[in-house]
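Here is the structure we will look at.
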Ligand code: ARG
């Protein structure tokens, strides 16, 4: 009879909503942060665990939210898709804000500025990016260093006119090889497979410091211009509440001088290894 059906339905609905509540709660307890622990001092492995400036920022955000932090160490070029698809909550990986990336995720406020560097041999005469003409250049796949070098080798298209803009390395015979990390690229530079490695400043200085005959210099153009990048946390589009909390924590950490302090600490620590 209908009374029986209604009460069965009610019970079913009740059980289902209980399930929904508990599973929801479970998810809310864990903040999942995607990174690529190949980028000291921002993220690197210590005892097989990702640590570094960004991981301290991640912990501060998790603490603010009262959540448990879970870190996923993945390939750098997969991080933003994992955030835009909702697989992970935050991408914290020294990620440079670019207009293209901002189409797929929201970025927090900037917490660090940087520029690109070139890791070269001590006795190298290289001074500008133009000096990389004809050379084999190693980069980390999907990083801004990769984009800059690849664009200078292939040239770009003017967005409005569609006209080809010649890159400074175009037609010089320069080639780019994409590695999973700057450390990998450096190993290949040591063995002679590439001539130079292009990566952000601090990771460049740290990796160069691991070889007696390597040094790191800023990537400048012959006309004196430089690259200029800011790192921010990637959040899924539309997740305003989380973005607000991230910004609140970042502003607090900057004000307290924590980020600068962590940069110094982790530069020292990651340079030891
Ligand atoms: N800042 C550069 C970029 O956004 C490099 C970041 C690499 N980060 C990493 N964890 N491997 O492309």
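Residue numbers (my numbering): 2 to 274.
Positions of the beta carbon are idealized from the N, C-alpha and C atoms, including for glycine.
Give the C-beta separation of residue i and residue j to the nearest angstrom, bearing in mind that I take them to be a contact with Cβ-Cβ under 8 Å.
i: residue 187; j: residue 108; result: So it is not a contact: roughly 29 Å between Cβ atoms.
i: residue 199; j: residue 135; result: Going by Cβ atoms, the distance from residue 199 to residue 135 rounds to 15 Å, so no, they are not a contact pair.
i: residue 171; j: residue 154; result: 6 Å
i: residue 118; j: residue 251; result: Not really, about 24 Å apart at Cβ, beyond 8 Å.
i: residue 116; j: residue 228; result: 5 Å
Could you give the first and the last residue of the continuous beta strand (DSSP E) run that contains residue i?
i: residue 119; result: 117-122
i: residue 270; result: Element bounds for residue 270: not the beta strand (DSSP E) but the alpha helix (DSSP H), 259-273.
i: residue 139; result: 137-141
i: residue 203; result: From DSSP, residue 203 is part of no beta strand (DSSP E) but of the alpha helix (DSSP H) over 202-209.
i: residue 93; result: Where residue 93 is concerned, there is no enclosing beta strand (DSSP E), given that its DSSP letter is neither H nor E.
i: residue 217; result: 215-219
So, at 6 Å on beta carbons, what are the nonlocal neighbours of residue i in its own chain, with the 5 sequence-adjacent residues on each side left out?
i: residue 85; result: 105, 106
i: residue 83; result: 35, 89
i: residue 244; result: 107, 236
Given a cut-off of 9 Å, decide if residue j and residue i are closer than it, judged by their beta-carbon atoms.
i: residue 183; j: residue 204; result: yes
i: residue 237; j: residue 87; result: yes
i: residue 42; j: residue 207; result: yes
i: residue 120; j: residue 209; result: yes
i: residue 139; j: residue 177; result: yes
i: residue 94; j: residue 40; result: yes
Excluding the 5 residues preceding and the 5 following residue i in the sequence, name in chain order all residues of the same chain whose CB lies nearer than 7 Å to its CB.
i: residue 78; result: 142, 143
i: residue 278; result: Any answer about residue 278 is impossible in this case: the structure gives the chain only from 2 up to 274.
Among residues of its own chain, excluding the 5 on either side of residue i, which ones have a beta-carbon nearer than 8 Å to its beta-carbon?
i: residue 27; result: Only weak support exists for where residue 27 lies, its pLDDT of 47 falling under 50; the value from the coordinates is given anyway. None.
i: residue 32; result: 59, 62, 63, 66, 68, 69, 70, 71, 90, 91
i: residue 221; result: 128, 129, 130, 227
Would you give the residue range spanned by the alpha helix (DSSP H) that residue i belongs to?
i: residue 60; result: 54-66
i: residue 71; result: Per DSSP, residue 71 belongs to no alpha helix (DSSP H); it is in the beta strand (DSSP E), 69-74.
i: residue 82; result: 80-85
i: residue 247; result: 241-256
i: residue 153; result: 145-155
i: residue 188; result: 183-191
Taking 8 Å as the cut-off, is the C-beta of residue i nearer than that to any heavy atom in ligand 2?
i: residue 57; result: Absence of ligand 2 from the depicted structure is noted, with ligand 1 being the only ligands included.
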